[in-house]
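Enquirer: Pasting a structure below so you can have a look.
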C-alpha cells in the first residue's frame, strides 16, 4: 500500500472514532497489498487503486465497528468474497471469532492462506453456498455480516 493510502486509512479510522493500533494499520496494509497482488491473477475486486481500496473496502467495512456490538462475538461474514467486511473487522477487533463463508473455493483457499500468513487466529474459512450452510448453522452465530448476497430461505 502507498504512503497516501496508509495516511488515508489512519485518518479514516480516527474519523470513525475507532481505537486502532499501528499494528492493525500495518496488517490492513499487508492485507491490501496481498489483495491487489492476487487480484492480478484472480478476480477479487474491481477496485485496484490502493486509496480506493482503503475508502471503499477498508473504511466501509470498519464503519460497522463503532457500535461495539461485535466485540468478543461469533460473527459470520456471508458471501465474503475477498474478505469484506469480515477480515477488516477481525483485524481491527481481534476478539471477534470469525467465519468467512463463500461459495467459490479459490477465494476461500486464498482467504485461508491470507489468514494463516497474517497470523490471524480464530478465523474459519468455509467453502459452501450460503443457503445450504444456513440450514444447519443459522443459530450458531451472534451476528452475520454481508455486503452482497440474495435473501436466504
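Numbering (the working numbering), first residue to last: 3 to 155.
Just so you know, even glycine gets a beta-carbon here, dropped at the ideal spot from N, CA and C.
1) Cα separation between residue 77 and residue 127?
2) Can you list, in chain order, the residues of its chain with a C-beta nearer than 7 Å to that of residue 117? Leave out the 5 residues immediately preceding and following it.
3) What would DSSP say about residue 111, mapped onto helix, strand or coil?
4) CA-CA distance, residue 34 and residue 43?
5) Whose C-alpha, out of 83, 122, 134, 119, is nearest the C-alpha of residue 45?
6) Please report the residue range of the beta strand (DSSP E) in which residue 129 lies.
7) If you follow the beta strand (DSSP E) that residue 80 is in, where does it begin and where does it stop?
8) Quick one: using the 10 Å Cβ neighbour count with 16 as the cut-off for buried, is residue 13 buried or exposed?
9) Residue 68 to residue 130, Cα distance in whole Å?
10) Pick helix, strand or coil for residue 101, following the three-state DSSP scheme.
11) Within its chain, find whatever has a CB closer than 7 Å to the CB of residue 22; leave out the 5 residues flanking it on each side and keep chain order.
12) Classify residue 108: buried if its beta carbon has 16 or more other beta carbons within 10 angstroms, exposed otherwise.
Expert: Well, looking at it:
1) Position 75 of the chain shown, counted from the start, is the residue given in the question as residue 77. Position 125 of the chain shown, counted from the start, is the residue given in the question as residue 127. Each residue's Cα considered, the two are about 12 Å apart.
2) Position 115 of the chain shown, counted from the start, is the residue given in the question as residue 117. 125, 127, listed in sequence order.
3) Residue mapping note: residue 111 aligns to position 109 of the chain shown, counting from 1. Helix at residue 111.
4) Start at 1 with the first residue of the chain shown, and residue 34 comes out as number 32. Start at 1 with the first residue of the chain shown, and residue 43 comes out as number 41. Rounded to whole angstroms, residue 34 to residue 43 spans 15 Å at the Cα level.
5) Residue mapping note: residue 45 aligns to position 43 of the chain shown, counting from 1. Looking at the Cα atoms, 83 is the closest of the given residues.
6) On the chain shown, position 127 is the one that residue 129 refers to. Here the beta strand (DSSP E) through residue 129 covers 125–129.
7) Taking the first residue of the chain shown as 1, we reach residue 80 at position 78. First-last of the beta strand (DSSP E) with residue 80: 76–80.
8) Locating residue 13 in the chain shown gives position 11, where the first residue counts as 1. Classification of residue 13: exposed, given that the 10 Å Cβ count is below 16.
9) As a working mapping, residue 68 is identified with position 66 in the chain shown. As a working mapping, residue 130 is identified with position 128 in the chain shown. So the alpha carbons of these two residues sit roughly 30 Å apart.
10) For the purposes of this step, residue 101 is identified with residue 99 of the chain shown, where counting begins at 1. Strand.
11) Taking the first residue of the chain shown as position 1, residue 22 is located at position 20. For residue 22, where only same-chain residues beyond five positions count, the Cβ hits under 7 Å are 15, 94.
12) Your numbering for residue 108 matches position 106 in the chain shown. Exposed is the call here.
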